[in-house]
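Respectively, the protein sequence lines represent chains L and R. If you're matching positions, the first sequence starts at 140 in the working numbering and goes up one per residue. If you're matching positions, the second sequence starts at 5 in the working numbering and goes up one per residue. Here's the structure we're looking at; comments come further down.
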Amino acid sequence: MEVLLDVLISRVNYWVYIVLMMIGLYGIIAKKNLVKKIIGMNILQTAVILFFISIGAKKNATIPIIEHGHDAAHTAVTATHYINPLPHVLMLTAIVVAVATLGVALTLVIKVHQQYHTLEENEILERIREA
Amino acid sequence: MIWQIELLILIIVIILAVGALAVKDLLSAAILFGAYSFMMCLLWAIMGAVDVAFTEASVGAGISTVLFVAAVFRTSRRTED
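So, in structure tokens, the structure goes:
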């Protein structure tokens with residue numbers, strides 16, 4: 140029991156990542172409304188970003204900025220004192236890509252609404268079948 | 005990393021994610037999604053990813069919410085699920 144609790148608490152970020160990813164997947168698959176689907180897609184993307192940031196996080200470490208940068212030649216940089224900045228940089232790109240996909244998706248939603256005057260997937264399919 | 009605050013924010017994040025998908029009004033869903041993005045931003049500031057945190061605050065919470073609200077006003081607020 141003690142060990143199980145320890146494992147659960149020390150990896151709580153990863154559990155939340157799994158839960159958020161499943162919430163996003165549920166939103167994409169089960170919701171009929173197109174905007175709700177896009178919100179689900181965004182939740183899934185932020186869940187992946189949470190996973191990557193959790194990989195880089197470290198206890199008793201500071202943000203990856205070197206103190207006294209002007210005389211860094213005299214003091215050695217110990218990597219264990221700093222959080223790994225590589226996942227951060229990758230996830231900056233992922234956030235920008237997420238906003239780009241969001242913009243394109245919402246544009247398509249607006250065009251669909253102009254054509255069919257509804258955002259519900261089943262009503263759109265009905266109107267396609269009628270036409 | 006303060007684990008109490010982190011745990012609290014993780015719980016709030018899950019609640020906001022479920023709320024954004026469950027609420028029956030698209031404008032409310034957009035606002036809840038903005039709150040979700042801000043909580044994610046706080047989470048990343050706690051985990052030491054400050055660059056990701058302020059990118060998320062400006063781009064994820066700011067521009068995304070504006071885009072959602074603009075799209076909802078150009079289409080309709082009605083949703084059935």
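For every residue, glycine included, the Cβ atom is placed at its ideal position computed from N, Cα and C.
CB contact below 7 Å: residue i versus chain L
i, result
"D55(R)", "yes"
"T2(R)", "Given that chain R is displayed from residue 5 to residue 85, the structure contains no residue 2(R) and the question cannot be resolved."
"R81(R)", "no"
"F37(R)", "yes"
"M44(R)", "yes"
Member of the options whose CA lies at the smallest distance from the CA of residue i
i, options, result
"V251(L)", "T240(L), L241(L), I263(L), G242(L)", "I263(L)"
"E84(R)", "E206(L), E260(L), T232(L)", "E260(L)"
"T257(L)", "L245(L), L173(L), G195(L)", "L173(L)"
"L225(L)", "Y156(L), I267(L), A237(L), P203(L)", "P203(L)"
"Y221(L)", "R150(L), I234(L), K198(L)", "K198(L)"
"F72(R)", "S41(R), L11(R), L12(R), I18(R)", "S41(R)"
"V54(R)", "A196(L), L183(L), V187(L), F190(L)", "A196(L)"
"F77(R)", "E10(R), L31(R), Q8(R), M51(R)", "L31(R)"
CB contact below 7 Å: residue i versus chain R
i, result
"T240(L)", "no"
"N172(L)", "yes"
"E265(L)", "no"
"L147(L)", "no"
"V142(L)", "no"
"I157(L)", "no"
"L231(L)", "yes"
"H220(L)", "no"
Cβ-based burial, residue i [other Cβ within 10 Å; buried from 16]
i, result
"T185(L)", "buried"
"E265(L)", "exposed"
"M140(L)", "exposed"
"V47(R)", "First, the residue type needs correcting, since residue 47(R) is Leu and not Val in the sequence shown. So L47(R) counts as buried."
"A270(L)", "exposed"
Cβ-Cβ distance between residue i and residue j below 7 Å
i, j, result
"T69(R)", "G38(R)", "yes"
"I16(R)", "M44(R)", "no"
"A24(R)", "I178(L)", "yes"
"A1(R)", "A57(R)", "Only positions 5 to 85 of chain R appear in this structure, which leaves residue 1(R) out of reach."
Helix, strand or coil at residue i according to DSSP, with G and I counted as helix
i, result
"N261(L)", "helix"
"D29(R)", "strand"
"R82(R)", "strand"
"N199(L)", "coil"
"N172(L)", "strand"
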